[in-house]
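What follows is a set of notes on a single structure, which appears directly below.
Numbering (my numbering), first residue to last: 6 to 291.
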């Protein structure tokens, strides 16, 4: 007769290795995965170093490019600092206009006469601000409200409207070439920030009044005043200054000497805006 024996609770148990085995396996997998990622990065770094050893000219070219970029950066800053005090006698636009006349029947004479801000009628300064950039005394080189308005308008305009400030136009005329490209626009932004920081408003406006194209082969309000009004820019009246400002968008197409009906209307409009801004005191404390 068999009898049921009670289980011995004190009997030794077999160790449960399922958890430890799984954990060990997971650890090995994790370690392997980590080693794989590290190995991939190390492998790419090793390949890069091996490539540079096999092609030493690549590293040399990189160092030359880096040094050239540094030198150009330092030169641009030095150039801007020098032009804060030295008159801007020649600009890329002047050279371009002169070059275009070579081999043609047009006169290659350039009408340009640098004049200090103190010897230019403040009516001329006020006229270009009223016409081109009424927020000039207050912005830091860019009129973002005007830029947004131009973007919205250009969505339905056949001919796009620009939103460049006087500072941007000076940066483009003095330091850069004509044309449309992302590189030129990027450099324009760079030089605009630079002249705002180094030159200040008064110097920027002084340069603009001396380098802006005001007629065929004519640059600056002094040259325009002497050529078309037979007197210096210091004696410009409000209407005379407004007419000079009126042709600035396209001084080759529009004429100061023979103003069209459009230029006459625009001259009156600019003169009204000059009065609305409060007259010369608007640009007195730049």
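From the three backbone atoms N, C-alpha and C, an ideal C-beta is built for every residue, glycine too. Keep in mind it's a predicted model, so treat the numbers as computed, not measured.
Using beta-carbon positions only, say whether residue 203 and residue 215 come within less than 9 Å of one another.
-> For the purposes of this step, residue 203 is taken as residue 198 along the chain shown, with counting starting at 1. For the purposes of this step, residue 215 is taken as residue 210 along the chain shown, with counting starting at 1. No; because the gap between Cβ atoms is not below 9 Å, this pair is not in contact.
Check the C-beta distance from residue 126 over to residue 228 and give it rounded, since I have them as a contact under 8 Å.
-> For this step, residue 126 is matched to residue 121 along the chain shown. For this step, residue 228 is matched to residue 223 along the chain shown. In fact, because the Cβ distance is near 14 Å, the residues do not count as touching under 8 Å.
Can you tell me where the beta strand (DSSP E) with residue 219 in it begins and where it stops?
-> If you number the chain shown from 1, residue 219 lands on position 214. Per DSSP, residue 219 belongs to the beta strand (DSSP E) from 218–220.
Apart from the five residues just before and just after residue 178, which ones in its own chain have a Cβ nearer than 6 Å to its Cβ?
-> Counting from 1 along the chain shown, the entry for residue 178 is found at position 173. Closer than 6 Å at the Cβ level, and outside the excluded window around residue 178, lie 96, 98 and 216.
Under 6 Å Cβ to Cβ from residue 148, same chain only, skipping five residues before and after it: list those, please.
-> Position 143 of the chain shown holds residue 148. Around residue 148: 140 and 170.
Going by beta carbon distance, what residues of the same chain come within less than 7 Å of residue 257, once the five residues before and after it are set aside?
-> On the chain shown, residue 257 is found 252 positions in, with the first residue counted as 1. Only 221 meet the Cβ criterion.
Which of helix, strand or coil DSSP assigns to residue 239 | Taking the first residue of the chain shown as position 1, residue 239 is located at position 234. In the three-state reduction of the DSSP assignment, residue 239 falls in the helix class.
Looking at the structure shown, is residue 143 part of a helix, part of a strand, or coil, going by DSSP?
-> Taking the chain shown and counting its residues from 1, the one referred to as residue 143 is at position 138. The three-state reading of DSSP puts residue 143 in coil, since its state is none of H, G, I, E or B.
Per-residue burial, residue 224 [other beta carbons within 10 Å of its own, 16 or more giving buried] | Looking up residue 224 in the chain shown gives position 219. Burial call: buried.
Top-ranked residue by Cα proximity to residue 253, from 132, 71 and 57 = Working through the chain shown from its first residue, we reach residue 253 at position 248. The shortest Cα separation from residue 253 among 132, 71 and 57 belongs to 132.
Taking DSSP as the reference, what is the three-state secondary structure of residue 206?
-> As a position in the chain shown, residue 206 is number 201, starting the count at 1. Residue 206: helix per DSSP, three-state reduction.
Nearest-angstrom beta carbon gap, residue 142 and residue 291 [assumed within contact, 8 Å] = Position 286 of the chain shown, counting from 1, holds the residue named residue 291. Position 137 of the chain shown, counting from 1, holds the residue named residue 142. At roughly 6 Å, the Cβ-Cβ gap stays under 8 Å, so residue 291 and residue 142 are in contact.
Going by DSSP, what residues sit across from residue 117 in a beta bridge?
-> For the purposes of this step, residue 117 is identified with residue 112 of the chain shown, where counting begins at 1. Residue pairing by DSSP places residue 117 opposite 224 in a beta bridge.
Helix, strand or coil at residue 62 [DSSP, three-state] | Start at 1 with the first residue of the chain shown, and residue 62 comes out as number 57. Reduced to three states, the DSSP call for residue 62 is helix.
Please look up how many angstroms separate the CB atoms of residue 85 and residue 209, rounded, as I've assumed it's under 8 Å.
-> Start at 1 with the first residue of the chain shown, and residue 85 comes out as number 80. Start at 1 with the first residue of the chain shown, and residue 209 comes out as number 204. In fact, because the Cβ distance is near 11 Å, the residues do not count as touching under 8 Å.
Apart from the five residues just before and just after residue 244, which ones in its own chain have a Cβ nearer than 8 Å to its Cβ?
-> For the purposes of this step, residue 244 is identified with residue 239 of the chain shown, where counting begins at 1. The beta carbon of residue 244 sits closer than 8 Å to the beta carbons of 272 and 276 from its chain, once the five residues preceding and following it are set aside; these are given in chain order.
Exposure of residue 174, with buried meaning 16 or more beta-carbon neighbours within 10 Å = Position 169 of the chain shown, counted from the first residue, corresponds to residue 174. Residue 174 is classed as buried because its beta carbon has at least 16 other beta carbons within 10 Å across all chains shown.
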